[in-house]
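Peer 1: Chains as they are written, first to last, in full-length UniProt numbering: chain A, 1 to 227; chain B, 1 to 227. Note that CB positions come from ideal geometry on N, CA and C, so glycine has one too. Quick caveat, the model's predicted, so the values are computed rather than measured.
There are 2 protein chains.
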Amino acid sequence: MNVAVVTVGDELLAGQTTNTNATWLCERLNERGVTVERVTTVPDRVADIARVVNEYRAEYDAVIVTGGLGPTHDDVTMEGIAAALGRPLETHEEALTWLEEDGYSRSELTEGTAELPTGARALHNEAGVAPGAALEDVYVLPGVPTEMQTMFEAIAPAFSGTPTYREEVVADEPESALLDRLEEIQDRFDVSVGSYPGESVRIAIESTDEATVAEAAAWLRERVDTV
Amino acid sequence: MNVAVVTVGDELLAGQTTNTNATWLCERLNERGVTVERVTTVPDRVADIARVVNEYRAEYDAVIVTGGLGPTHDDVTMEGIAAALGRPLETHEEALTWLEEDGYSRSELTEGTAELPTGARALHNEAGVAPGAALEDVYVLPGVPTEMQTMFEAIAPAFSGTPTYREEVVADEPESALLDRLEEIQDRFDVSVGSYPGESVRIAIESTDEATVAEAAAWLRERVDTV
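#1: Please state the DSSP three-state secondary structure of V53/B.
#2: With distances taken Cα to Cα, identify the nearest neighbour of G68/A among T91/A, V144/A, Y60/A.
#3: With DSSP run on the structure shown, which of helix, strand or coil describes residue 239/A?
#4: Kindly list the residues whose CB is nearer than 8 angstroms to the CB of W219/A, restricted to its own chain and excluding five residues on each side of it in sequence; keep chain order.
#5: Quick check on the burial criterion: 16 or more other C-beta atoms within 10 angstroms. Buried or exposed for T146/B?
#6: For G192/A, name the three-state secondary structure that DSSP assigns.
#7: Checking contacts by CB at 8 angstroms: is S195/A closer than that to chain B?
#8: Taking all protein chains shown into account, do 16 or more other C-beta atoms lie within 10 angstroms of the C-beta of R38/B, making it buried, or fewer, making it exposed?
#9: Rounded to the nearest angstrom, what separates D74/A and T35/B at their Cα positions?
#10: Against chain A, with Cβ distances strictly below 8 angstroms, would L179/B count as a contact?
#11: Can you name the start and end residues of the beta strand (DSSP E) that R166/A belongs to?
#12: Check the Cβ of V46/A against every Cβ in chain B and list those closer than 7 angstroms, keeping chain order.
#13: Is it the case that the Cβ atoms of G70/B and E175/A are separated by a distance below 8 angstroms?
#14: Short of 8 angstroms in beta carbon distance, which residues of its chain neighbour V46/B, apart from the five on each side in sequence? Order them along the chain.
#15: Taking DSSP as the reference, what is the three-state secondary structure of T20/A?
#16: Output, in sequence order along the chain, the residues in the region 164-179 of chain A whose CB is closer than 7 angstroms to any CB in chain B.
#17: Can you give me the start and stop residues for the beta strand (DSSP E) that V65/B sits inside?
#18: Chain A beta carbons: is any one of them nearer than 8 angstroms to that of V144/B?
#19: Within 10 angstroms of the Cβ of V227/A, are there 16 or more other Cβ atoms? Answer buried if so, exposed if not.
#20: Do you know offhand how far V42/B's Cα is from T40/A's?
#21: In terms of residue numbering, what span does the alpha helix (DSSP H) encompassing V39/A cover?
#22: Please classify G194/B: is it buried, with 16 or more other beta-carbons within 10 angstroms of its beta-carbon, or exposed?
#23: Between the region 61-75 of chain A and chain B, which residues of the former have CB atoms less than 9 angstroms from a CB of the latter, in chain order?
#24: Of all Cβ atoms in chain A, is any one closer than 8 angstroms to the Cβ of T110/B?
#25: Taking DSSP as the reference, what is the three-state secondary structure of R181/A?
Rendered as structure tokens:
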């Protein structure tokens, strides 16, 4: 299964917030064996949200959208999803009932708070107010990290694939000096290898077979200067 | 001026690294008055890099690409850029000379280390080895943060626009309770207003006129429960 993650928010594009929601979602999806093919941040604009979501729906198995839910003028994500799917927004009775159970009265609730694209399944916000939505292959979650995380756990079973196992070997050699062994490990073992230079070089070894990863990592550890 | 930022790396998509390069670049660009319209993370795959870079070149004034430079098999960004621009890779003599000056001998250098798309201007990597490239409206920077940051400073003058001023007011009220004042501030002042709920609600007030921002922020501070 492969998915795209779309994070909505002018604040992300202005560099005022680091996109830790994307990291968190990618890590959870990866653990579940799901491949994330794109992470894209778009502005708080209906047309941009709709375009990107539709492009990714056409290409991947599912799209997870976070951010831009709520009552204020810059919360336009649901409108973008409605536009993408060609469905009007309408008040979702179940979502409204949840909000009432959480202590909000109908009259007090801001117009639009419980509006979701027609036909969407409402996702309860256990940690906040604004409901999320699931509709066809699109999942819409809030942008506040605790709310997003709690809501994702409720939809997590929809995301599954072949788990990938991973081990890291940290080498205290220049990346260019490691090339012979990086080549050899890929010849010897059925693994994919990533090489991430920094202070040292982190070499990530991955495979869907746990024993192969362990064997390849052990082989490499004996052959590089480890930190 | 508007730009897109493309960050390349399977590791980002697996949630093993938080995309702080994107945050840093967005912040620098924003300070220079440049609008970032998209931040997209793509896998270490030539075709994906080429597609996304070409889509964004068609739409925005410039594209900044980071990550995937270097000598290993998973460093395919230059190949992706070459494919996007329809130019072959070739050894860049100036880049090779820099590397020699940095103490690498030609024979010792891994094949490809100084290969850039034909016609590219090489960008010296003051903090590392792999050179970057500037070609038409595409700027290619390394993924190691210190290297990326140092190289960006060298190309920063290419990015300019109308600076936006910003002030934040942190309100200790529910976001839904603030709606009347969020509406009124936008009626009274020529500012754009973003509202970011969390523990409290951060209200960001922005305009290209510094005095207007200060005036609007002062007006709002008197009218919300501040933290």
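Peer 2: Inspection of the coordinates gives the following:
#1: On the second sequence, position 53 is the one that residue 53/B refers to. In the structure shown, V53/B sits in a helix (DSSP, three-state: H, G or I).
#2: Along the first sequence, one-based indexing puts residue 68/A at 68. The residue with the shortest Cα to Cα distance from G68/A is V144/A.
#3: As shown, chain A starts at 1 and ends at 227. That puts residue 239/A outside it, with no answer to give.
#4: Taking the first sequence and counting its residues from 1, the one referred to as residue 219/A is at position 219. Within the same chain, W219/A has close Cβ partners I185, R188, F189.
#5: Position 146 of the second sequence, counted from the start, is the residue given in the question as residue 146/B. Label assigned to T146/B: exposed.
#6: Within the first sequence, numbered from 1, the residue matching residue 192/A stands at position 192. The question names Gly, but residue 192/A is Ser in the sequence shown. The answer is strand: DSSP assigns S192/A an E or B state.
#7: By one-based count along the first sequence, residue 195/A stands at place 195. Cβ-Cβ to chain B under 8 angstroms: yes for S195/A.
#8: Residue 38/B sits at position 38 when you count from the first residue of the second sequence. It counts as buried.
#9: The residue labelled residue 74/A in the question sits at position 74 within the first sequence. The residue labelled residue 35/B in the question sits at position 35 within the second sequence. Each residue's Cα considered, the two are about 17 angstroms apart.
#10: On the second sequence, residue 179/B is found 179 positions in, with the first residue counted as 1. Taking Cβ atoms only, chain A reaches closer than 8 angstroms to L179/B, which makes this a yes.
#11: Locating residue 166/A in the first sequence gives position 166, counting from the first residue. 165-171 is the span of the beta strand (DSSP E), which, as asked, contains R166/A.
#12: Along the first sequence, one-based indexing puts residue 46/A at 46. Simply none; closest approach about 15 angstroms.
#13: As a position in the second sequence, residue 70/B is number 70, starting the count at 1. As a position in the first sequence, residue 175/A is number 175, starting the count at 1. Against a cut-off of 8 angstroms, the Cβ pair of E175/A and G70/B comes out as a contact.
#14: Looking up residue 46/B in the second sequence gives position 46. Only V76, E79, G80, A83 meet the Cβ criterion.
#15: Counting from 1 along the first sequence, the entry for residue 20/A is found at position 20. Helix, per DSSP.
#16: E175, S176, L179
#17: Translated into the one-based positions of the second sequence, residue 65/B becomes position 65. Note, V65/B: beta strand (DSSP E), 62-66.
#18: Here residue 144/B corresponds to residue number 144 of the second sequence, with the count starting at 1. Cβ-Cβ to chain A under 8 angstroms: yes for V144/B.
#19: If you number the first sequence from 1, residue 227/A lands on position 227. Exposed, because fewer than 16 other Cβ atoms sit within 10 Å of the Cβ of V227/A.
#20: The residue given as residue 42/B occupies position 42 in the second sequence. The residue given as residue 40/A occupies position 40 in the first sequence. Roughly 9 angstroms between the two C-alpha positions.
#21: Working through the first sequence from its first residue, we reach residue 39/A at position 39. That residue, V39/A, is in no alpha helix (DSSP H); its beta strand (DSSP E) goes 35-42.
#22: Here the question's residue 194/B lines up with position 194 in the second sequence. Flag for G194/B reads buried.
#23: G70, P71, T72, H73, D74, D75
#24: In the second sequence, the residue the question calls residue 110/B occupies position 110. So, interface residue.
#25: By 1-based counting over the first sequence, the position of residue 181/A is 181. Of the three classes helix, strand and coil, the one that applies to R181/A here is helix, per DSSP.
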